[in-house]
Each structure stands twice: as C-alpha cells, then as structure tokens.
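First comes the structure, then the notes that go with it.
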Amino acid sequence: MAKGIKTGGREQGTPNKLTKELRSILKNILAKELETIPDNLEKLEPKDRLEITIKLIPYVLPKIETVSMDKGEPLNWEMV
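Residue numbering for the sequence shown follows the working numbering, beginning at 1 and increasing consecutively.
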C-alpha cells in the first residue's frame, strides 16, 4: 500500500454505493418477512414453533449475567 497523500477514490466517510444498495434491499426483504412471521409460526408444529421462538428470544430480551459474590459490595455490612 502506498504511503503519503491520498490521490483518488472515495472521500473518508462516504458510504460504499454497493453496500448502501445491498442494505436497502435486505432491509426491504426483512420488513416483508417480519410481517409473515406470525402466520408462518402458526403453520408449524408446536415443537418447531417453540424452537424458532427460543432462537428469536436473544434478539428481543437481553441476556442476564450472573453476579459473583467476590466482586463489588463487601460481604460484611457491619458499621465501624
């Protein structure tokens, strides 16, 4: 890669045209698919419906992390 002054290409911060178009197309496809999810889930067997629902949960609810007792607040709360 050449070092020095930039002489051509996109200016910094200018989005890639192909990436912008691809994102727009995918956004439209996903919007249409999201509308059909309830109907498609109803057509599935209960086992498959539950499996899909479990896979979708992380996109709606945040994961909960366990809290360690050895970090943070002291175990001894006595006033000195």
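Note that CB positions come from ideal geometry on N, CA and C, so glycine has one too.
TODO: Could you check how far apart the C-beta atoms of residue 84 and residue 41 are, in whole angstroms? I think they sit under 8 Å.
DONE: The question about residue 84 has no answer here: the residues shown for the chain are numbered 1 through 80.
Task: Unbroken alpha helix (DSSP H) run spanning residue 42, endpoints - done: 17 to 43
- [ ] For residue 58, name the three-state secondary structure that DSSP assigns.
- [x] helix
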